[in-house]
Structure formats: structure tokens, C-alpha cells
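Colleague:
6 protein chains.
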Amino acid sequence: MDSKAYERGMEMLRKMVGPDVMEGTVERVAKFSPDMARLVVEFPFGSLYSRPGLDLKQRSLLTISSLVTQGAVDQMDFHIHAALNAGLTPNEIVEAVMHCLPYAGFPKSLGALGVVIRIFEERGVTVEV
Amino acid sequence: MDSKAYERGMEMLRKMVGPDVMEGTVERVAKFSPDMARLVVEFPFGSLYSRPGLDLKQRSLLTISSLVTQGAVDQMDFHIHAALNAGLTPNEIVEAVMHCLPYAGFPKSLGALGVVIRIFEERGVTVEV
Amino acid sequence: MDSKAYERGMEMLRKMVGPDVMEGTVERVAKFSPDMARLVVEFPFGSLYSRPGLDLKQRSLLTISSLVTQGAVDQMDFHIHAALNAGLTPNEIVEAVMHCLPYAGFPKSLGALGVVIRIFEERGVTVEV
Amino acid sequence: MDSKAYERGMEMLRKMVGPDVMEGTVERVAKFSPDMARLVVEFPFGSLYSRPGLDLKQRSLLTISSLVTQGAVDQMDFHIHAALNAGLTPNEIVEAVMHCLPYAGFPKSLGALGVVIRIFEERGVTVEV
Amino acid sequence: MDSKAYERGMEMLRKMVGPDVMEGTVERVAKFSPDMARLVVEFPFGSLYSRPGLDLKQRSLLTISSLVTQGAVDQMDFHIHAALNAGLTPNEIVEAVMHCLPYAGFPKSLGALGVVIRIFEERGVTVEV
Amino acid sequence: MDSKAYERGMEMLRKMVGPDVMEGTVERVAKFSPDMARLVVEFPFGSLYSRPGLDLKQRSLLTISSLVTQGAVDQMDFHIHAALNAGLTPNEIVEAVMHCLPYAGFPKSLGALGVVIRIFEERGVTVEV
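Protein chains in written order, with full-length UniProt numbering: chain R, 1 to 129; chain Z, 1 to 129; chain D, 1 to 129; chain S, 1 to 129; chain L, 1 to 129; chain P, 1 to 129.
Below, the structure written as C-alpha cells:
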């Protein structure tokens, strides 16, 4: 076991999202399968996000585009919160989903926009029109 | 027909890639089906890329991630060239593909890396190790 | 901005679905992001559906198959309503989903059938067995 | 019509899952479209699962991996029940989802784990940690 | 074994494509794995295509859209030939690929167009511009 | 860096495939981007494959099904070689691809079978008909 990657990963996760999002995602997995949680924390968050080549805002754009493209609406909550916390403006996040229209297709982009609308409402975030 | 969107799109395309890449992609489509070419030029490049909300480097990251995620290796050439021309460094492009590992999965990320390796070799681009 | 494509798109949309479906889809997007709504209306509905090469029934078949194949169950409501309004019979719609079994796979075809069952029940549509 | 394949398929299905799961899946389809139900029963369960080349536990692993990879969370209930009934241990099922992490990507594997957690809770199944 | 479904399937296949396409697809599979070939012939072509609910032109549209959407460029040859033989005009086939742009996304639609261009050239088929 | 996971991963890889396959895959990546190679070796092969919950034959079935389902034909070579080396019989591998027909869809299963045919020919492997 690589306890350093795990610790780095948990630190990164706490930097990315608040304790309530952590509880609904990482901690829920950890209670059921600590091994799965460990792998999920260690590899992306412990080994990848902490690399210097790209900053958190750039990584957020990459992640959002991948989630939109694979239609992973259930996993978007975490990463929309993380994108706002990383400093992407609400308008940049909407623009990112819009940019996916021709690449991921309209159905997946519209499905993703539904998640963005819901989270912005929950957090009281507004977009400038 | 929206001739302004088309003109804006062609201008954007010429800004994004060189004439040889244009010939192998847009012009090949235009020769076969001018209508398809028009739609492909107008919507993404005439209406979307020219929007102010995100710059070309950010749009390149979003596009690369979507292409990696859907395994669109045949359409990556254009966008790896465009990413380099937009000012993403070779290392940022490799890091972007690496970031897709947990999201798009390893098979699609490795497939995409194969395209990156080939194009970097063709253009004589080197990554700092 | 291409106001003609937008007007053509809105006209096409009103021809395809009733005001209640419009409200739950296009208008909900327009309230949140008028720009996203504009792109979604202009390109597919203003520039594509209105083209003469295929009629609305043929376009419905193409759309249903694409949605089934990408598992876009949340975006199917609109297009099942549109398919019925375009004149596809309930049996043709079920047969279309059935035809997707070997191409999209059984899980996605069965997921899509669930949407069809629900909408047919909501609209009081019956299939001849 | 191939009544033998249908009978073989129904027999296989009853061997794979209990009457309550059958009712929520196969019988619900059969009530709406007997033809669709017939095709769904005959081909996979009547012609494929009953073949001698792989046993039910091996077929469960293949099915779970395919469902995880295509994000077919709504169709996983049936096959998690079937996997338990075929004799895969709860830990093997969790390990199978974990094995999909690098192949299907983390978002789809985590989405699938959510289904596994729910079904294990419903059936009172526990994993050894 | 359901020899009638197999015979119906082989008859349907011979109606859909010429002997040279048959040799490169069905017969190549049959030589390697007769069981796989049997399943591939029986279910889609013996049990599904021969159903009365939709004609071959409608089924071609559904199939093309599914193949475009899943990026199955290697399996498109067979079905572009079948679409032409079923009576879809070259322009309808191109229009069908165009219709997929917003649904399947531009990369997959452009990838599919590449196959259409190649097959039309091979068969000397021209589109009216 | 977790040098133990890397060493475990390299050991696992050498157990799974011969030196020629290693050279065309892992070593080609390592030459271009040692960091990418490290992540690819450490996580799946160093942390996952070596876990006790499932044996290599079971992991091969899971991997093959995921690759078939996502149409990752270019990444199948490695894993078909690995499956044979793990002790899956040629017939079990073909049966596994066959089992994917209803789940991954026929186009992706047939695409995968093409890879299996080629590798079996290259290795002189025969299936019992």
C-alpha cells in the first residue's frame, strides 16, 4: 500500500470539495469498500491531480468534458463543485458545456447542462446573461 | 444560409491549423458534400469557437478530452495540430491525455497517446522528460 | 447572430412538439442560458431538420436510433413525442427500438423501451399486439 | 418462431433470478410488447447463456464488465442478482467492479458501485472488509 | 438450433448485399467460428430484418445512425452497401450522416462520412451537389 | 513515487505477456513519456491485477468484455495475448466475444472477433469447431 499517495489524495480532495460533498461520495464508498476507496483516492487524486503540468482549472475543464462526453451525469456533481472551488467562473463552466455540443453531441451536453442548472440553483450561483 | 457564420468559421479554421491540415479535412469534405462542410464550418468554428467565454487553449483542452473519451482517434490529428498552434506546450498536451486516464479509461487514453506520439514525431516536436 | 436560423428553428420545434414539451426542454434551457438555447435551436432545428433531403419521419428514426445507441434516456421524451407527432405509428416506434437490439445492444434498447412504455402510457397510446 | 429457444430462455431466466426480479423486467416488457420480450428471451437466454463454453459465473463477469463499461446502471439490478445466484461471492462482485476502474473509467465504475451497494443492502448481503 | 431462422437470415443477407461483401464479412466469420456466424445470421437477419413493421429503407436509416453513433466505422461498409441496395439514394445516405451531426457528435459523423466517401468512390456512386 | 507498485506492475506485465508484446506497448510509451508509463504500470498492473480477489483468468474475461464494449480494438492485442497466457482456451476467448453480442452489440463484437482471428492466426492458435 502506498500511504503517501493516499494522504496526498485525501488532501487534494479536501482542497477540491467541501466536507458535505466528501461525505456523499468518497466516504460513502469507503464505508462499503475501503479498498475501492483507497484506489479511487490514490490514483487520480494522489498521483494525478497533484502533478505540476496543469493547474486545477485546466484539469477541471478536462474532467468536465470527459464526463459530459460519456454521459456521466451522476458523477458530475462532485466535479461541478470542484470546478467552482478551483476558480472557474459560472459562465466558464456553462461555456465549457456549450463547447461540448459538437463533440459530445447535443443530447449529452443538454443532459450535463441539467446538472449544472441544478447545482447552480443549490449553491445560489448565477450566470451573467 | 448564414454566410457570416461560414466566413467566421473559415477564418477561425485558418487560424487553428495550416493549409495542409485544412486540405486533408475540411476541403476533402467540401469536395464531396458542400452542405456537410458548410454545417461543419458554420456551427463549431463560426458560432462556437469565436465566442469570448473561453480562449483557444481552454477550448483545446475541452476538445482533446472529448475526443480521447469517445475514442475518436481519427479526428485527433486536426485538434493536436490546433492545440500546438493555440499555444499549448507539448508537455501540456501529454499531461492532458494523462489526466484522461481515470476518466476516459486507460485503453482510450493509450490509443490517444499513440496519435500524439505520431504527430509529435511528424512535426519534430519533443517533450521534456 | 443568425436570427433567421433561430426563427426557422423555433417554428420547426413548435411543429415537432406541443407547448408543454417545449416548456420542459427549450424554455428551461433558455431561461438559464439564452446563448445555449440559441445554439441548440439554430443548428439542429433551424439548419438541419428543415433541409429537404429527408422527411420528418425518416429524421425521427435516425434520431431515435442515435439516442438509443448512446443511452440518452433523459433526452428521449422530446423525440418520442416528436416521432408520434411526425406520424410514425406507435408500432413503428416500438419496432425501431427493437431494431436497435443487435446494434445498440440489449441493455440500451431495453432502457429506451422503458421510456417508450412510460410516454405511451402518459399519452394513452396503445400498440397493437 | 423458435418456441424451443424461448422455452430454454425462460428456463434459464428462472434459474438466474427470482420471480420478483422476473416480474419487474421480463414480464413488464412482455405485457407491453410480446415480440420484444420474445427476442430478448430467445437470443441471449435461449441461445447464448445455455451454451457449454463458459459457465454462469464466467458469463456473469463478462456481463457485469460490459454493463459497467457502457454505464447501463438501470440494467444492472437484474445481473447483480443473477451474479449472486450464480455463486459469485459478494467480494468477487465488488472486485469485478474494481477491476473495471482502469478500463471503463472511474466515473462508470463508481456509478456501478452505487448499484451494487444498493442491491447488497436490499438483499442483506455483506462484504468482508 | 433454429435452422429456419438461419435460412431466413441467409436469404435476407443475400438480398441485402452482393456475394463479394458476403465473403468479406459473413463467410470470413463462418470459417473461423460457425457458431458465431450462426448467431449473427439468425438473430438480426433471420428474426429481426424480416419482420413486417418497418421496410428495409427504414431499417437502413436506423442501422446507419446506430453505427455512426457508436463510431463503428469498420462495420459500416456492409451497411452502406445494403442501404444503396435497399433503395436509399446516395443523397439520402449523406443526409442521414449529416442528420447525426448534433446527435452522435461531429467527430463520429465525420468519421462515418469518410467511409461513405470511400464506398461511393469504389462503387462509382455520385451525389448531386 | 511508489516504486514498489511499479516493480510489482512490471513483474505482473512480464507474467502476462512476452517481451515482444511488452516492447510494442509499455516500452513504446515509456520511451515517449516515462510518467505516463509509470502511471499505466503502477495502477492497473501494480495495484489491481495483483489483488487476491479474482484470478488472472477471471480478470482476463472482465478486461476482454470491457474492451469489446468500448470498441477498443487497438488495445485488444495485448489482452488477447494475456488471456491465452493466463490459461483461457482459444474456445473460451471466442465464447467470451460471442457472449458480448447482446451486451456490447453486434458491430463491436464483430470488430473484436476480427482482432481475435488475426492474433490466433499470428500465434498459430486454432479453435475447435
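Note that beta-carbon positions come from the ideal geometry of N, C-alpha and C, so glycine has one too.
Keep in mind the model is a prediction, meaning the values are calculated, not measured.
What does serine 47(D) touch in chain Z if you count any residue whose Cβ is under 7 angstroms from its own?
Modeller: Counted from its first residue, the third sequence places residue 47(D) at position 47. Result: Leu39.
Colleague: Here's a check: name, in chain order, each residue in its chain whose Cβ is nearer than 6 angstroms to the Cβ of histidine 81(L), leaving out the five neighbours to either side.
Modeller: The residue given as residue 81(L) occupies position 81 in the fifth sequence. Cβ neighbours of histidine 81(L) beyond the five flanking positions: Val17 and Val21.
Colleague: Put valine 97(L) into one of helix, strand or coil per three-state DSSP.
Modeller: Translated into positions along the fifth sequence, residue 97(L) becomes position 97. Of the three classes helix, strand and coil, the one that applies to valine 97(L) here is helix, per DSSP.
Colleague: Closest by CA to histidine 79(D), which one among Ser50(R), Glu128(R) and Phe106(R)?
Modeller: As a first step, residue 79(D) must be located in the third sequence, where it is residue number 79. It is Phe106(R) whose Cα lies nearest to the Cα of histidine 79(D).
Colleague: Glutamate 27(R): buried (16+ other C-beta within 10 angstroms of its C-beta) or exposed?
Modeller: Here residue 27(R) is taken as the residue at index 27 of the first sequence, counted from 1. So glutamate 27(R) ends up on the exposed side.
Colleague: In the structure shown, what three-state DSSP assignment does glutamine 75(P) receive?
Modeller: Looking up residue 75(P) in the sixth sequence gives position 75. Residue state, collapsed to three classes: helix.
Colleague: Apply the 10 Å Cβ neighbour rule to glycine 71(Z) and answer buried if 16 or more other Cβ atoms are within range, or exposed otherwise.
Modeller: The residue given as residue 71(Z) occupies position 71 in the second sequence. Burial call: buried.
Colleague: What residues in the region 70-100 of chain R have a beta carbon less than 8 angstroms from any beta carbon of chain S?
Modeller: Flagged, chain order: Gln70, Gly71, Ala72, Asp74 and Gln75.
Colleague: Per DSSP, what kind of secondary structure is arginine 8(Z) in: helix, strand or coil?
Modeller: By 1-based counting over the second sequence, the position of residue 8(Z) is 8. If DSSP states are grouped into helix, strand and coil, arginine 8(Z) belongs with the helices.
Colleague: Leaving out five residues on either side along the sequence, give the residues of the same chain with a beta carbon under 7 angstroms from the beta carbon of methionine 76(R).
Modeller: Walking along the first sequence from the start, residue 76(R) turns up at place 76. The answer, listed in chain order, is Leu67, Ala112 and Val115.
Colleague: For phenylalanine 43(P), go through chain R and note every residue whose CB falls closer than 7 angstroms to its CB, in chain order.
Modeller: Stepping through the sixth sequence from its first residue, residue 43(P) is reached at position 43. Result: Phe43.
Colleague: Cutting at 6 angstroms between CB atoms, please list the residues of its own chain near valine 127(P), excluding the five before and the five after it.
Modeller: Mapped onto the sixth sequence, residue 127(P) falls at position 127. Excluding residues within five positions, the ones whose Cβ falls inside 6 angstroms are Pro90, Asn91 and Val94.
Colleague: Please report how far the alpha carbon of leucine 54(P) lies from the alpha carbon of leucine 62(P), in whole angstroms.
Modeller: Here residue 54(P) refers to the residue found at position 54 of the sixth sequence. Here residue 62(P) refers to the residue found at position 62 of the sixth sequence. Taking the straight line joining both Cα atoms gives about 10 angstroms.
Colleague: Would you decide whether glycine 9(P) is buried or exposed? Buried here means 16 or more other CB atoms lie within 10 Å of its CB.
Modeller: Within the sixth sequence, the letter at position 9 stands for residue 9(P). Buried, since its Cβ has 16 or more Cβ neighbours within 10 Å.
Colleague: Helix, strand or coil for serine 3(S) per DSSP?
Modeller: Numbered from 1 along the fourth sequence, position 3 holds the residue referred to as residue 3(S). DSSP places serine 3(S) in helix when its eight states are reduced to three.
Colleague: From what residue to what residue does the alpha helix (DSSP H) around valine 68(Z) run?
Modeller: As a first step, residue 68(Z) is located in the second sequence; it is residue number 68 there, counting from the start. Segment 56-69, the alpha helix (DSSP H) holding valine 68(Z).
Colleague: If we call anything under 7 angstroms between Cβ atoms a contact, is leucine 34(L) one with valine 129(P)?
Modeller: The residue given as residue 34(L) occupies position 34 in the fifth sequence. The residue given as residue 129(P) occupies position 129 in the sixth sequence. According to the sequence as given, residue 34(L) is proline; it is not leucine. In this structure, valine 129(P) lies closer than 7 angstroms to proline 34(L) by Cβ.
Colleague: If you draw a straight line from the alpha carbon of leucine 42(Z) to that of tyrosine 6(Z), how long is it in whole angstroms?
Modeller: The residue labelled residue 42(Z) in the question sits at position 42 within the second sequence. The residue labelled residue 6(Z) in the question sits at position 6 within the second sequence. Sequence inspection shows glutamate at residue 42(Z); the leucine mentioned does not correspond to that position. Going from the Cα of glutamate 42(Z) to the Cα of tyrosine 6(Z) covers about 5 angstroms.
Colleague: Can you list, in chain order, the residues of its chain whose CB lies under 7 angstroms from that of serine 50(D), leaving out five sequence neighbours each side?
Modeller: Sequence index remark: in the third sequence, residue 50(D) carries index 50 (1-based). Result list for serine 50(D): Arg8 and Met12, in chain order.
Colleague: Looking at leucine 56(L) and alanine 86(L), is the spacing between their C-beta atoms short of 7 angstroms?
Modeller: Counting from 1 along the fifth sequence, the entry for residue 86(L) is found at position 86. Counting from 1 along the fifth sequence, the entry for residue 56(L) is found at position 56. Contact flag set, yes.
Colleague: Under 7 angstroms between the Cβ atoms of histidine 99(S) and arginine 14(P)?
Modeller: Counting from 1 along the fourth sequence, the entry for residue 99(S) is found at position 99. Counting from 1 along the sixth sequence, the entry for residue 14(P) is found at position 14. No, the pair does not count as a contact, with Cβ atoms beyond the cut-off.
Colleague: Could you check what DSSP says for glycine 87(Z) in three-state terms: helix, strand or coil?
Modeller: Start at 1 with the first residue of the second sequence, and residue 87(Z) comes out as number 87. Here glycine 87(Z) sits in coil by DSSP.
Colleague: For lysine 108(Z), which residues in the same chain have their Cβ closer than 6 angstroms to its Cβ, ignoring the five residues on either side in sequence?
Modeller: The residue given as residue 108(Z) occupies position 108 in the second sequence. So the list reads Val68 and Gly71, once near-sequence residues are dropped.
Colleague: Within the 7 angstroms Cβ cut-off, does tyrosine 6(Z) reach chain S?
Modeller: For the purposes of this step, residue 6(Z) is taken as the residue at position 6 of the second sequence. Closer than 7 angstroms: no.
Colleague: Report the neighbours of threonine 126(R) on chain Z: residues whose CB is nearer than 8 angstroms to its CB, in chain order.
Modeller: Working through the first sequence from its first residue, we reach residue 126(R) at position 126. Result: empty, since nearest Cβ-Cβ is about 15 angstroms, beyond 8 angstroms.
Colleague: Is there a Cβ from chain A that is less than 7 angstroms from the Cβ of glycine 111(P)?
Modeller: The displayed structure is made up of protein chains R, Z, D, S, L and P, and chain A is not among them.
Colleague: Just the C-alpha distance for arginine 118(Z) and aspartate 74(L), rounded to the nearest angstrom, thanks.
Modeller: As a first step, residue 118(Z) must be located in the second sequence, where it is residue number 118. As a first step, residue 74(L) must be located in the fifth sequence, where it is residue number 74. Taking the straight line from one Cα to the other gives about 22 angstroms.
Colleague: Look up residue 130(P) in the DSSP assignment and say whether it is helix, strand or coil.
Modeller: Only positions 1 to 129 of chain P appear in this structure, which leaves residue 130(P) out of reach.
Colleague: Starting from phenylalanine 120(S) and walking both ways along the alpha helix (DSSP H), at which residues does that stretch end?
Modeller: Counted from its first residue, the fourth sequence places residue 120(S) at position 120. 106-123 is the extent of the alpha helix (DSSP H) around phenylalanine 120(S).
Colleague: Please report the distance separating the alpha-carbon of proline 19(P) from that of threonine 25(P).
Modeller: Indexing the sixth sequence from 1 puts residue 19(P) at position 19. Indexing the sixth sequence from 1 puts residue 25(P) at position 25. Proline 19(P) and threonine 25(P): Cα-Cα distance of roughly 10 angstroms.
Colleague: Is it buried or exposed, glycine 124(L), if we count other Cβ atoms within 10 angstroms and call 16 or more buried?
Modeller: Numbered from its first residue, the fifth sequence carries residue 124(L) at position 124. With fewer than 16 other Cβ atoms within 10 Å, it is exposed.
Colleague: Less than 7 angstroms separating the beta-carbons of serine 65(P) and serine 65(S)?
Modeller: One-based indexing of the sixth sequence puts residue 65(P) at position 65. One-based indexing of the fourth sequence puts residue 65(S) at position 65. Cβ distance < 7 angstroms, so serine 65(P) and serine 65(S) count as in contact.
Colleague: With a threshold of 7 angstroms between beta carbons, is glycine 114(L) in contact with chain R?
Modeller: Position 114 of the fifth sequence holds residue 114(L). For glycine 114(L), the answer is no, since every Cβ of chain R falls outside 7 angstroms of its Cβ.
Colleague: Please state the DSSP three-state secondary structure of glutamate 92(L).
Modeller: Counting from 1 along the fifth sequence, the entry for residue 92(L) is found at position 92. Here glutamate 92(L) sits in helix by DSSP.
Colleague: Flag proline 107(L) as yes if its beta-carbon sits less than 7 angstroms from any beta-carbon of chain P, otherwise no.
Modeller: Counting from 1 along the fifth sequence, the entry for residue 107(L) is found at position 107. Output row for proline 107(L): interface = no.
Colleague: What is the residue span of the alpha helix (DSSP H) that phenylalanine 45(P) lies within?
Modeller: Here residue 45(P) refers to the residue found at position 45 when the sixth sequence is read from its first residue. Note, phenylalanine 45(P): premise wrong, no alpha helix (DSSP H); not H, not E.
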